[in-house]
Structure formats: C-alpha cells, structure tokens
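Enquirer:
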Amino acid sequence: MCGIVGYTGKEQAQAILMEGLKRLEYRGYDSAGIAVCNEEGMDIRRKEGKVHVLEDELRTSPATGTSGIGHTRWATHGRPSEINAHPHQAGHITLVHNGIIENYLQLKEELTRSGHSFTSETDTEVIAHLVSEIFRSEDDIIKAVRKALKRVEGSYAIALILQSEPGRLIAARKASPLVLGIGEGENYIASDIPAILWKTREIKYLEDGDIASLDNEGIRIYAEDGTVVERKTTRITWDPVMAEKGGYRHFMLKEIHEQPRAIADTIGPRINEQKGQIYLEDLGISADKIKGIRKVFILACGTSWHAALVGKFLIESLTRVPVEVDIASEFRYRDPIIAKDDLVIGISQSGETADTLAAIKEAKDRGAATLAICNVVGSNLTRETEGVIYTHAGPEIGVASTKAFTTQLAATYLLALHIASTKKLLSEDLFHKHISGLKHLPSLLEKTLETETEIEKIAHDFSKYRDFLYLARGINYPIALEGALKLKEISYIHAEGYPAGEMKHGPIALIDDKMPVVVLAPPDALYDKVLAGLEEVKARDGHVIAIVVEGDKEISSRADRTITIPKADPMLYPFLFSIPLQFLAYHVAVHLGTDVDQPRNLAKSVTVE
Ligand code: AGP
Numbered sequence: 014m015c016g017i018v019g020y021t022g023k024e025q026a027q028a029i030l031m032e033g034l035k036r037l038e039y040r041g042y043d044s045a046g047i048a049v050c051n052e053e054g055m056d057i058r059r060k061e062g063k064v065h066v067l068e069d070e071l072r073t074s075p076a077t078g079t080s081g082i083g084h085t086r087w088a089t090h091g092r093p094s095e096i097n098a099h100p101h102q103a104g105h106i107t108l109v110h111n112g113i114i115e116n117y118l119q120l121k122e123e124l125t126r127s128g129h130s131f132t133s134e135t136d137t138e139v140i141a142h143l144v145s146e147i148f149r150s151e152d153d154i155i156k157a158v159r160k161a162l163k164r165v166e167g168s169y170a171i172a173l174i175l176q177s178e179p180g181r182l183i184a185a186r187k188a189s190p191l192v193l194g195i196g197e198g199e200n201y202i203a204s205d206i207p208a209i210l211w212k213t214r215e216i217k218y219l220e221d222g223d224i225a226s227l228d229n230e231g232i233r234i235y236a237e238d239g240t241v242v243e244r245k246t247t248r249i250t251w252d253p254v255m256a257e258k259g260g261y262r263h264f265m266l267k268e269i270h271e272q273p274r275a276i277a278d279t280i281g282p283r284i285n286e287q288k289g290q291i292y293l294e295d296l297g298i299s300a301d302k303i304k305g306i307r308k309v310f311i312l313a314c315g316t317s318w319h320a321a322l323v324g325k326f327l328i329e330s331l332t333r334v335p336v337e338v339d340i341a342s343e344f345r346y347r348d349p350i351i352a353k354d355d356l357v358i359g360i361s362q363s364g365e366t367a368d369t370l371a372a373i374k375e376a377k378d379r380g381a382a383t384l385a386i387c388n389v390v391g392s393n394l395t396r397e398t399e400g401v402i403y404t405h406a407g408p409e410i411g412v413a414s415t416k417a418f419t420t421q422l423a424a425t426y427l428l429a430l431h432i433a434s435t436k437k438l439l440s441e442d443l444f445h446k447h448i449s450g451l452k453h454l455p456s457l458l459e460k461t462l463e464t465e466t467e468i469e470k471i472a473h474d475f476s477k478y479r480d481f482l483y484l485a486r487g488i489n490y491p492i493a494l495e496g497a498l499k500l501k502e503i504s505y506i507h508a509e510g511y512p513a514g515e516m517k518h519g520p521i522a523l524i525d526d527k528m529p530v531v532v533l534a535p536p537d538a539l540y541d542k543v544l545a546g547l548e549e550v551k552a553r554d555g556h557v558i559a560i561v562v563e564g565d566k567e568i569s570s571r572a573d574r575t576i577t578i579p580k581a582d583p584m585l586y587p588f589l590f591s592i593p594l595q596f597l598a599y600h601v602a603v604h605l606g607t608d609v610d611q612p613r614n615l616a617k618s619v620t621v622e
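The opening residue of the sequence shown carries number 14 in our numbering; numbering runs sequentially from there.
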C-alpha cells in the first residue's frame, strides 16, 4: 500500500521525488504529494488522482529545495481526496506514512483534548501531531520520534522532514517496508527499491523499530532501544522492473507472499481483544437493524463469489441467519425475493465490476440494506452501498486474485462475528476463541507459505496434464472452486472444483491415469468420507495430490503427493488451503511459460456486462 520516497542532497529534490513516485505508482494511485524544504519554509503540494496530476501542477509552479519527501497513496483511512493526501503537517513536523495505525482514534481524541486540530480523516495525521506534541518538550527529534512511536499500535513506515533543520530527514519503520539508499553527497528513503534504483544500488534495509537520521553527509541508524547500530549495505543487482515486484518474478507471487501482512492489516485494527469487540468503522448499519436482519444475500463474481460461498458458512454458523449467495450477473435477472429487513452484501476487489454494481443497485431499489466488502477505497461499489468493510490487501496488480480473496474471507469472518455479538449469540469464551484464532492467522499463513518449494516440484511434474479436478467438502468446497479457477486463469488448463460427495454422481467417469485430482482433507467430521472418495479415485488410476494438515496419516499414506499445512481452527482452513492452491496454479503457469500477471483474454476489473 502507499509509496514513500525521500531525498536529501545537493540536487533539486522535486525531480527526484517525482520520478520516485512514478516508479512507485503500482503501490497506490489515488492521490500524491511532496514536501520540499527551503529557506522560506516547507513547500507542501498535494493532489487527488494519479502522480501525473501533481506533476502537471509542479510543471507550472515548481517546488524548490534540496531535500524533501513524497508519497503516493492507497487509501485506508479516509477517502481519496486532497485533504487526505500525504504529506501531513503538524507544527514543525511534516511526514508521510505507509501502514495502519490501529489506535489512531484513541490518540486523536487525546491530542484533540490537548488542543490539536485535525484537517484530514487519516490515521497518518495523528502521528504528525503526536511527534509535534512530544517535540515541544523534547528537543531531540530522534527521542521525540521514538517516544511517539512507542505509543503507536499497528504498522508504519514513515519519512519525516523538519522545518527547523532543512536538509535532515528522519525515517522509521515497524512491520511496513522501508529502505535507505546511499549516494555520494546525497541519501534516499524509499518504501520500495524501484523508487531509487535509478539513482543508487547501495541499499540499507531498516529493521523493525529502527529510526534513521539522514542528511547529505551520511546516515545514522538507531535501534529500538536508542543505541546507534550499523545495518549492512546491500548492492542491488535486480533490473528496475524486477525491483517493482520486490524481487519476485511476478506480481502474483509477490501478492501471494503478502497475505500474512494483508490479513494482519485487515483484521488487526478491528479487533479489540480486551473489550472483546469487533470494530467495523464504516459499517453504516445500526445495531437495531443488525438485530432485525431476516436474511443475508451475498452477491459477487469470480473469485469474490468464492469468498461469498465461504462467507455463507461463516455467517450461518455464527449467526444462524440464513444466507443466499448469488453470482451477481444472475441475481439481477432472476426476480429475487428481497424484503426490507434483508441485508445484501456485494463483495468485490475492484468495486467496479459492472455485474456486482448492477446487482447491488437492484437490491437497493427493492429496499434492502446494502453493504460492500471491497479493496478499493472510494470505488463505485462503496459509493453505492450504505456501509463498507474495506479489505486492506493493498493494490492487487496480478489479474489472478490472491491476497484480495483471503482478505475478503477475513472481512466476512469479522462481519459474522460482529453480527453474532450484536445479536448476543456468542458466549464470551467462544468470542475470544475466534478472536485469538484470527490474531494468530498471519503466523499460520507465514508457515503455510513454506509449502512453496514442495509445490514447485509437484507443479513441475504435473504441468503436462490437460485436466484437473479439485475436491473438498463443507466450508472448504469454495476453496476447491477457487483453486480450479486459479489454474484455469493463468495456465489455461481445464480444471473443475467439486464437492467431494458429488463424485459418484457423474465426475468419477472422468477419472483415468490422465487425471490429477487435488484433494483438500482437513481433519474434520467428513475426513473419512473424503478418504473414501480418494480411494475411488486411486482405484481408477487417478493421481491424487492431497493437501492435509500436520499429523495426518491415512490420506498422506494413500496420496501420490502430499502437501502439509499447519493445524488450525476449522474456520481458518479456507485461508490456509488457499495458499498451496495459489502456488500450484502459479508454478504450473510459470513452468508452461504463460503470462502469469496478465493472462490472455482477461482484465483485472470487468467493467462491462
Ligand atoms: C480472479 O482471479 C478473477 N480475475 C476474477 O474472477 C475476479 O475475481 C472477478 O472478475 C471479480 O472481480 P472483483 O472482485 O473486482 O469484483
């Protein structure tokens, strides 16, 4: 999410910052801004829209100065607009930020009580005011930044510039990427290497908790405890295009690996463990309305429809409210029966899918309350619905959806818990069990990412087959559908997902020694039935690739190939199973040499019917 760049040296900063922002635009593009420091003070320019809108303004009236910071934004808190664009200023402090401050409302209230007034809806402005407040009594900026950041919960990468010390930049990070670039008589800050790779290949990676001070003479880095530390300098040999992908070969692979972070950003700020509450900031639907919901409809297309199918399981099992899931393009033409006390949810990564938009309008016209689960702040869908739960996946560039999908699952899970707790359906213990499971999910996902090496080998061996079947049951059946869709989209291999129990009703006729069957086998009540289905496949010479859970014996001993994922709460398996299936599709496609990020005939958002 969001791109950051900073420069201090002898050249005019504007040109370097703007070039850096153009190279970071893939990280966010709803507004952009720079702050350049000169003898007269801080020149801050911000514009809604892509980087070129800001560039047009600067062409006619340039900002002069030899140090500055820049930002291209992917909105998380506050709609895309000029007032929400970075940099944000408070007193002598001007800064840009990438990440999510989970306790920003609490800090904002506190700072407002001390006389600070805020001009934006962002969480970032809170950091500027907090540093400024502490800097009043603490004349060392490094100490002030450290004290401020100790109060901040969440993730951040910041670049800060001081009016009182032109030429000096401060950088800090925790759980969001930030690197420093070393030049001759000049130094750089960047959220991602491509921003500065055209200027320097000498990079220092900041570690969590580090704070750095840069000027044109050098860089000094302080560890979290305040001691000065040396961080290794690495020479970057990637080409610039590769650098945009963070060193990954494709955006899709980068996005698969980003899922632990994306899930943490989607759930972290919304869970208050102490109070046992789910906080959905833009829900827009009152507690009374939630208590009276008769039925939920979820409308979506493609991968988002698969998230909706998982959502049905989550919402029904936690809230006992019946859920109907519709493919958006079918819903609007089937004369649906909707009542005023129904809740209709549209799920969409882009928020621009024509069919989903039209279906939501149809539901609205019929008087239902509407809610979006969406990744793009300010998109059409979010403007159409009464409320929204944003997935904080960050920009998804690969056409095949990966991190947007699992964050949609996370958002739906949070909604189910919110409805259940509003209706007082969950005991305190059960509620805490779900919350702690969700909090633990990013680390389980990290562990699941370790399956990649094994899957790459399997992909290599199986890419010669022309058809695949994916089988699962219950809450994981939609993941079989999603796994099959991923393979189809990027490798052009025919694949189908089936509920394992349906095999005997037709698809088993397809099984022979040319049919790989991917089986998802969690240790649940249906395990033995999945095992029986596997035996039926084996008896007909099919090849079984089983995805099992740590400790599995029966299925692992019968499958041709096995991938093992960590043990988890049953409601978390849809998240964990998604990762090996994404890897399988990805590595088969790479092996076949297709265009992974932009597969043939497809578009990232389908804005026509
Ligand atoms: C996912 O891999 C696909 N590219 C596609 O199915 C996508 O999920 C669908 O077009 C819906 O898009 P949306 O989430 O932006 O509405």
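Here a beta-carbon is modelled for each residue, glycine too, at the ideal position from N, C-alpha and C.
(1) Label N285 either buried or exposed according to how many other C-beta atoms from any shown protein chain fall within 10 Å of its C-beta, with 16 as the threshold for buried.
(2) When every heavy atom of ligand 1 is checked, does at least one fall within less than 7 Å of the C-beta of Q362?
(3) Distance check for Y20 and A76, CA to CA, integer angstroms please.
(4) Taking the beta strand (DSSP E) that P536 falls in, what are its first and last residues?
(5) On the premise that I468 lies in contact with L547, defined as a C-beta separation below 8 Å, what is that separation, rounded to the nearest angstrom?
(6) Does the region 557–564 come into contact with the region 433–441, if we say contact requires no fewer than three beta-carbon pairs (one atom in each stretch) closer than 8 Å?
(7) Check the C-beta distance from V531 over to F481 and give it rounded, since I have them as a contact under 8 Å.
(8) With 16 as the cutoff for other CB atoms within 10 Å, does I350 come out buried or exposed?
(9) Applying the criterion that 16 or more other CB atoms from any shown protein chain within 10 Å of the CB defines a buried residue, is Y346 buried or exposed?
(10) State the DSSP-derived secondary structure class of Y478, mapped to helix, strand or coil.
(11) Could you give the distance in angstroms between the alpha-carbon of I373 and the alpha-carbon of T107?
(12) So, is S299 buried or exposed, given that buried needs 16 or more other C-beta atoms within 10 angstroms?
(13) Heavy atom of ligand 1 less than 7 Å from the Cβ of V412, yes or no?
(14) Heavy atom of ligand 1 less than 7 Å from the Cβ of L356, yes or no?
(15) Using a threshold of 7 Å, is the CB atom of E509 nearer than that to any non-hydrogen atom of ligand 1?
(16) Label A382 either buried or exposed according to how many other C-beta atoms from any shown protein chain fall within 10 Å of its C-beta, with 16 as the threshold for buried.
(17) So, V192 versus I206, is the Cβ gap smaller than 8 Å?
(18) Please report the straight-line C-alpha distance between L624 and S150, rounded to a whole angstrom.
(19) Against chain D, with Cβ distances strictly below 8 Å, would I506 count as a contact?
(20) Hey, quick one: how far does the alpha helix (DSSP H) through H142 stretch, first residue to last?
(21) Starting from the C-beta of R159, find all residues in its chain whose C-beta is less than 7 Å away, skip the five residues before and the five after it, and write them out in chain order.
(22) Leaving out five residues before and five after I29 in sequence, what residues of the same chain have Cβ atoms less than 6 Å from its Cβ?
(23) Is any non-hydrogen atom of ligand 1 found closer than 7 Å to the C-beta of G315, if you look at the structure I gave you?
(24) Going by C-alpha distance, which of V165, P579, S130 and K470 is nearest L458?
(25) When we look at the beta-carbon of L124 and count the other beta-carbons within 10 Å, is it buried (16 or more) or exposed?
(26) Give the straight-line distance between the Cα atoms of T620 and N116, rounded to the nearest whole angstrom.
(27) I think S363 touches K617, with their Cβ atoms under 8 Å apart; what is that distance to the nearest whole Å?
(28) I'd like to know whether the C-beta atoms of A413 and E502 end up nearer to each other than 8 Å.
(29) With a threshold of 16 other CB atoms inside 10 Å of the CB of G359, please say whether the residue is buried or exposed.
(30) Give, in chain order, every unbroken run of the alpha helix (DSSP H) that is at least 4 residues long and sits entirely within the region 301–372.
(31) Is the beta carbon of G487 sitting closer than 8 Å to the one on F588?
(32) Closer than 7 Å by C-beta to Y505: which residues in its own chain qualify, once you throw out the five before and the five after it? Chain order, please.
Expert: In brief:
(1) Within the sequence shown, the letter at position 272 stands for residue 285. Result: exposed.
(2) The sequence position of residue 362 within the sequence shown is 349, counting from 1. At least one heavy atom of ligand 1 lies less than 7 Å from the C-beta of Q362.
(3) On the sequence shown, position 63 is the one that residue 76 refers to. On the sequence shown, position 7 is the one that residue 20 refers to. Put simply, the backbone Cα of A76 is about 14 Å away from that of Y20.
(4) Working through the sequence shown from its first residue, we reach residue 536 at position 523. Neither: P536 is in no beta strand (DSSP E) and is coded neither H nor E.
(5) Residue mapping note: residue 547 aligns to position 534 of the sequence shown, counting from 1. Residue mapping note: residue 468 aligns to position 455 of the sequence shown, counting from 1. About 19 Å; that fails the 8 Å criterion.
(6) The region 557–564 is not in contact with the region 433–441.
(7) Position 518 of the sequence shown, counted from the start, is the residue given in the question as residue 531. Position 468 of the sequence shown, counted from the start, is the residue given in the question as residue 481. Contact flag correct, Cβ pair sits at about 6 Å.
(8) The residue you call residue 350 lines up with position 337 of the sequence shown. The residue in question, I350, is exposed, as its Cβ has fewer than 16 Cβ neighbours within 10 Å.
(9) Residue 346 sits at position 333 when you count from the first residue of the sequence shown. By the neighbour-count criterion, in which a residue is buried when 16 or more other Cβ atoms sit within 10 angstroms of its Cβ, Y346 is exposed.
(10) Your numbering for residue 478 matches position 465 in the sequence shown. Coil at Y478, not helix or strand.
(11) Walking along the sequence shown from the start, residue 373 turns up at place 360. Walking along the sequence shown from the start, residue 107 turns up at place 94. Cα to Cα, I373 sits roughly 41 Å from T107.
(12) Within the sequence shown, residue 299 is the residue found at index 286, counting from 1. Residue environment analysis places S299 among the exposed positions, since fewer than 16 neighbouring C-beta atoms fall within 10 angstroms of its C-beta.
(13) Here residue 412 refers to the residue found at position 399 when the sequence shown is read from its first residue. Yes, ligand 1 has a heavy atom inside 7 Å of this Cβ.
(14) For the purposes of this step, residue 356 is identified with residue 343 of the sequence shown, where counting begins at 1. Flag unset: Cβ of L356 not near ligand 1.
(15) Taking the first residue of the sequence shown as position 1, residue 509 is located at position 496. False, no ligand heavy atom lies under 7 Å from that Cβ.
(16) Working through the sequence shown from its first residue, we reach residue 382 at position 369. With 16 or more other Cβ atoms within 10 Å, it is buried.
(17) Counting from one through the sequence shown, the residue named residue 192 turns up at place 179. Counting from one through the sequence shown, the residue named residue 206 turns up at place 193. Cβ distance < 8 Å, so V192 and I206 count as in contact.
(18) Coverage of the chain is limited to positions 14 through 622, which leaves residue 624 absent and any answer about it impossible.
(19) Absent here is chain D; the protein component of the structure consists of one chain.
(20) Working through the sequence shown from its first residue, we reach residue 142 at position 129. Residues T137 to S150.
(21) For the purposes of this step, residue 159 is taken as the residue at position 146 of the sequence shown. Apart from sequence neighbours up to five positions away, the residues of its chain that approach R159 with a beta-carbon distance below 7 Å are I224 and G239, ordered along the chain.
(22) Working through the sequence shown from its first residue, we reach residue 29 at position 16. Contacts found: Y20.
(23) Indexing the sequence shown from 1 puts residue 315 at position 302. Within the cutoff, so yes.
(24) Here residue 458 is taken as the residue at index 445 of the sequence shown, counted from 1. Out of V165, P579, S130 and K470, P579 has the C-alpha closest to the C-alpha of L458.
(25) Here residue 124 is taken as the residue at index 111 of the sequence shown, counted from 1. L124 is buried by the Cβ-count criterion.
(26) What you label residue 620 is simply residue 607 of the sequence shown in a count that begins at 1. What you label residue 116 is simply residue 103 of the sequence shown in a count that begins at 1. Here the C-alpha atom of T620 lies approximately 36 Å from the C-alpha atom of N116.
(27) Taking the first residue of the sequence shown as position 1, residue 363 is located at position 350. Taking the first residue of the sequence shown as position 1, residue 617 is located at position 604. With 8 Å as the limit, S363 and K617 qualify as a contact, their Cβ atoms being about 7 Å apart.
(28) Here the question's residue 413 lines up with position 400 in the sequence shown. Here the question's residue 502 lines up with position 489 in the sequence shown. A413 is a Cβ neighbour of E502, given a cutoff of 8 Å.
(29) By one-based count along the sequence shown, residue 359 stands at place 346. So G359 ends up on the buried side.
(30) Qualifying alpha helix (DSSP H) stretches, in chain order: 315–332 and 341–344.
(31) On the sequence shown, residue 487 is found 474 positions in, with the first residue counted as 1. On the sequence shown, residue 588 is found 575 positions in, with the first residue counted as 1. By the CB criterion at 8 Å, G487 and F588 fall outside the cutoff.
(32) For this step, residue 505 is matched to residue 492 along the sequence shown. Result list for Y505: T607, in chain order.
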